[in-house]
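**Q** Encoded as structure tokens, here's the structure I'll be asking about.
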Amino acid sequence: MKISSPVVGEIEVSPERVITFPAGLPGFEACRQFALLHAEGNDAPQLFMLQSLDDADVGFTVTTPDILGLNYEFVLSDAEVDDLQLTDPADVSVLLIVRRDGDNPVHANVMAPLVINTATRRGLQKIIGKVDTSVTLKAVG
């Protein structure tokens, strides 16, 4: 599948790289298929682009919680486990959407992590009621 995005340009995405969010993401329910991309030649990327394959104008910068020094736990409901088709907890990968508005610091959305079953390539955004930490990052350079 070939997509043309204003952020990443024109790229070819193989079917095995597609992540499906059956319910979409809050505010972007029509966007259900995404590809997780990173800069070519970067063997250890810290930031990724979660690019919608349904709408080329929709993409999110994401990172893993450990890159931010975060280690938090949450419980998935039975319905969420079913949506992810999750049979092995080791197949779960968690990503956080990060954003920067102008000259303001970078913010990570720790209240709504993306939960992805790496075996089935299905994902959802988990809305968490309470987190004991908040993260603000300052960009260097």
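The opening residue of the sequence shown carries number 9 in our numbering; numbering runs sequentially from there.
Even glycine gets a Cβ: it sits at the ideal position worked out from N, Cα and C.
Taking just the CA atoms, how far does isoleucine 135 sit from proline 34?
**A** Distance between the alpha carbons of proline 34 and isoleucine 135 is about 10 Å.
**Q** Which residue or residues does DSSP assign as beta-bridge partners of phenylalanine 56?
**A** DSSP output for phenylalanine 56 lists Val70 as bridge partner(s).
**Q** Determine the DSSP secondary structure at leucine 61, reduced to helix, strand or coil.
**A** The answer is coil: DSSP assigns leucine 61 none of H, G, I, E or B.
**Q** In whole angstroms, what separates the C-alpha of methionine 119 from that of glycine 17?
**A** For methionine 119 and glycine 17, the distance between alpha carbons rounds to 30 Å.
**Q** Does DSSP put isoleucine 75 in a helix, in a strand, or in coil?
**A** Helix, per DSSP.
**Q** Considering only their Cβ atoms, is the gap separating alanine 38 from valine 26 smaller than 8 Å?
**A** Cβ distance not < 8 Å, so valine 26 and alanine 38 don't count as in contact.
**Q** Return the CA-CA distance between glutamine 93 and threonine 128, expressed in angstroms with no decimal places.
**A** Rounded to the nearest angstrom, the two C-alpha atoms are 7 Å apart.
**Q** What does the alpha-carbon distance come out to for the pair serine 101 and valine 123?
**A** If you take the alpha carbons of serine 101 and valine 123, they lie about 6 Å apart.
**Q** Am I right that glycine 104 and asparagine 117 are in contact with their C-beta atoms under 8 Å? What's the rounded C-beta distance?
**A** Position check: residue 104 holds leucine in this sequence, whereas glycine was assumed. With 8 Å as the limit, leucine 104 and asparagine 117 qualify as a contact, their Cβ atoms being about 6 Å apart.
**Q** Which of the three DSSP states is assigned to glutamate 88 in this structure?
**A** Of the three classes helix, strand and coil, the one that applies to glutamate 88 here is helix, per DSSP.
**Q** Go to threonine 95, then tell me how far its beta strand (DSSP E) extends in each direction, as first and last residue.
**A** That residue, threonine 95, is in no beta strand (DSSP E); it is neither H nor E in DSSP.
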